[in-house]
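Reading through the structure tokens given below for one structure.
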Amino acid sequence: MLKSQTDAKTTADAKKAEDDSTKNSGSLNTLKEDLNKQLSSLGVYAKFGFDDKTGSMYVSVYSQDSNQLIRQMPSAEAMKMADNVKELMGSILNKKT
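For what it's worth, our numbering labels the leading residue of the sequence shown as 259, then goes sequentially.
This is the structure:
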């Protein structure tokens, strides 16, 4: 394959990945909006987040009246424990090599 063909393919692949990401983001937003519509009858709403340390997503549920956190899943304690286990496993693997 010629360099210009390779560059064109790489550009096309990057464009497709960007389009897919935008489509997935839109789908997630739609799902979030639908979930919050259903939760509103219970007087709560959900926020979604991403924890960079553990690389995991979490959901926080808040009261509509007071904006007070009702529950986070997984809990902050569970996410901290997962981070500690990840660090411990890294230490163990580094000592074996």
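Built from N, CA and C at the ideal position, the CB exists for glycine as well.
- When Ser299, Gly313 and Val317 are compared, the shortest CA-CA separation from Phe306 is found for Val317.
- Runs of beta strand (DSSP E) with 3 or more residues, each lying fully within the stretch 321–345, are found at 327–331, listed in chain order.
- In the structure shown, Ser314 adopts extended strand secondary structure according to DSSP, grouped into three states.
- Secondary structure of Gly301 (DSSP, three-state): coil.
- In the structure shown, the three-state DSSP call for Asp292 is helix.
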